[in-house]
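Notes follow once the structure below has been shown.
Numbering (this note's numbering), first residue to last: 21 to 394.
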């Protein structure tokens with residue numbers, strides 16, 4: 021009988037022998053089939069190279085691998101900073117590039133600036149904005165189309181429910197001190213500045229008075245179709261049986277119109293022939309009521325307000341009080357009896373005529389409509 025220590029020693033020897041025999045067996049097998057193992061590994065490698073990689077997998081190739089000509093065409097927009105983009109990839113490099121990569125001269129021009137938008141993102145600009153100009157409450161039982169908006173000033177007290185957007189036009193408006201002299205022109209100027217600066221960009225823009233509007237009211241016609249045939253939509257012409265010059269001379273103070281024509285001759289000579297023809301005509305499209313294309317409206321304002329601002333500068337008219345004093349002075353010099361409160365609107369009266377000169381120069385084909393009360 022073996023004692024416990026001898027038993028342990030015997031088991032250890034048997035384990036070592038078995039382990040040795042097992043390793044020897046593996047070694048013999050390996051050397052016996054070594055050639056077969058090597059051939060198998062080579063075949064597997066060849067299979068992996070020959071079989072094409074699926075399209076979806078190409079985008080997942082590690083950034084450490086240089087993309088081939090075929091892969092460059094579908095390289096994803098975001099590339100690891102460890103890879104230098106090639107000339108073929110550069111045109112589609114995204115706007116945001118890892119800070120570890122120095123953008124080339126070709127990439128820099130396509131990085132946009134971050135601009136604060138003046139309106140809500142994804143808020144579509146309407147096709148047309150139609151502005152109703154007022155200085156007091158007015159009756160409105162019919163106009164509900166949101167394309168219409170009300171233009172008012174600081175003195176206006178609107179107490180009724182109009183169900184339309186109301187826009188105050190006195191903020192940052194340099195014409196507010198001459199709001200009576202310019203009449204509706206002071207409010208049109210406010211909107212014109214917004215269009216000129218690109219804050220409002222609707223394709224069409226129109227203006228009405230609180231007493232006068234086109235008869236289609238809420239059912240605005242297809243403007244794209246109309247403007248494919250016409251240059252502008254205006255209030256129907258008014259005939260007065262005498263030249264426009266004689267009409268202004270009898271109803272207002274001709275000094276304002278004379279100086280307006282002088283300014284056109286000096287500063288806007290391309291309009292001067294149209295100005296002379298207009299003065300001899302016996303009809304006008306009055307009231308500054310029209311619907312025009314956005315770009316044409318911007319040009320209209322550049323011409324009309326350009327003439328009127330120069331007129332104010334030459335006569336030193338900075339406020340309504342200046343206009344009133346000048347009107348009284350001119351009336352006394354010409355021995356003409358006038359209604360001062362009415363004639364203080366001289367810029368507004370001149371604006372209608374200057375606007376018609378622009379019509380004759382730019383808007384040959386006019387779609388005329390009568391106006392109706394609202």
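Note that the Cβ used here is the ideal one computed from N, Cα and C, for glycine as well. Keep in mind it's a predicted model, so treat the numbers as computed, not measured.
Span of the beta strand (DSSP E), counted from its first residue to its last, around residue i
{"i": "residue 313", "result": "310-313"}
{"i": "residue 187", "result": "185-188"}
Range of the contiguous alpha helix (DSSP H) that encloses residue i
{"i": "residue 149", "result": "Element bounds for residue 149: not the alpha helix (DSSP H) but the beta strand (DSSP E), 148-153."}
{"i": "residue 213", "result": "205-216"}
{"i": "residue 386", "result": "From DSSP, residue 386 is part of no alpha helix (DSSP H) but of the beta strand (DSSP E) over 386-389."}
{"i": "residue 288", "result": "Here residue 288 belongs to no alpha helix (DSSP H), and DSSP marks it neither H nor E."}
{"i": "residue 377", "result": "366-382"}
{"i": "residue 268", "result": "264-271"}
{"i": "residue 363", "result": "360-363"}
{"i": "residue 199", "result": "199-202"}
{"i": "residue 245", "result": "243-246"}
Supposed close pair residue i, residue j - CB separation, criterion 8 Å
{"i": "residue 306", "j": "residue 255", "result": "7 Å"}
{"i": "residue 378", "j": "residue 303", "result": "With a Cβ gap of about 16 Å, residue 378 and residue 303 do not count as contacting."}
{"i": "residue 308", "j": "residue 201", "result": "About 14 Å separates the two Cβ atoms, so there is no contact after all."}
{"i": "residue 277", "j": "residue 268", "result": "5 Å"}
{"i": "residue 225", "j": "residue 314", "result": "6 Å"}
{"i": "residue 322", "j": "residue 221", "result": "The Cβ separation is near 17 Å, so there is no contact."}
{"i": "residue 253", "j": "residue 311", "result": "4 Å"}
{"i": "residue 153", "j": "residue 228", "result": "7 Å"}
{"i": "residue 193", "j": "residue 210", "result": "5 Å"}
{"i": "residue 157", "j": "residue 189", "result": "Incorrect: roughly 17 Å between the Cβ atoms, too far for contact."}
{"i": "residue 148", "j": "residue 223", "result": "7 Å"}
{"i": "residue 380", "j": "residue 271", "result": "Their Cβ separation, rounded to whole angstroms, is 21 Å, which puts residue 380 and residue 271 out of contact at 8 Å."}
{"i": "residue 279", "j": "residue 331", "result": "6 Å"}
{"i": "residue 275", "j": "residue 343", "result": "Between residue 343 and residue 275 the Cβ distance is about 12 Å, and since that is not below 8 Å, they are no contact."}
{"i": "residue 163", "j": "residue 239", "result": "That pair is no contact at about 11 Å."}
Bridge partners - residue i, DSSP secondary structure assignment
{"i": "residue 258", "result": "304"}
{"i": "residue 168", "result": "150"}
{"i": "residue 227", "result": "151, 310"}
{"i": "residue 233", "result": "392"}
{"i": "residue 343", "result": "Looking at the DSSP assignment, residue 343 forms no beta bridge with any residue, so it has no partner."}
{"i": "residue 253", "result": "311, 387"}
Residue-level contact to chain C via CB, residue i, 9 Å cutoff
{"i": "residue 351", "result": "Annotation note: the requested chain C is absent from the structure, which comprises a single protein chain."}
- Query: How about the segment 226-233 and the segment 376-393: do they share at least three Cβ pairs that are nearer than 8 Å?
  - Reply: yes
- Message: With three or more C-beta pairs closer than 8 Å as the rule, is the segment 293-301 touching the segment 259-271?
- Response: yes
- Message: Counting beta carbon pairs with one atom in the segment 156-175 and one in the segment 203-215, are three or more of them shorter than 8 Å?
- Response: yes
- Query: Taking three-plus beta-carbon pairs below 8 Å as touching, is the segment 242-251 in contact with the segment 330-348?
  - Reply: no
- Counting Cβ pairs closer than 8 Å, one from the segment 276-295 and one from the segment 324-334, do we hit at least three? Enough Cβ pairs lie closer than 8 Å, so yes.
- Item | Sufficient close CB pairs (3 or more, under 8 Å) joining the segment 309-319 to the segment 350-367 | no
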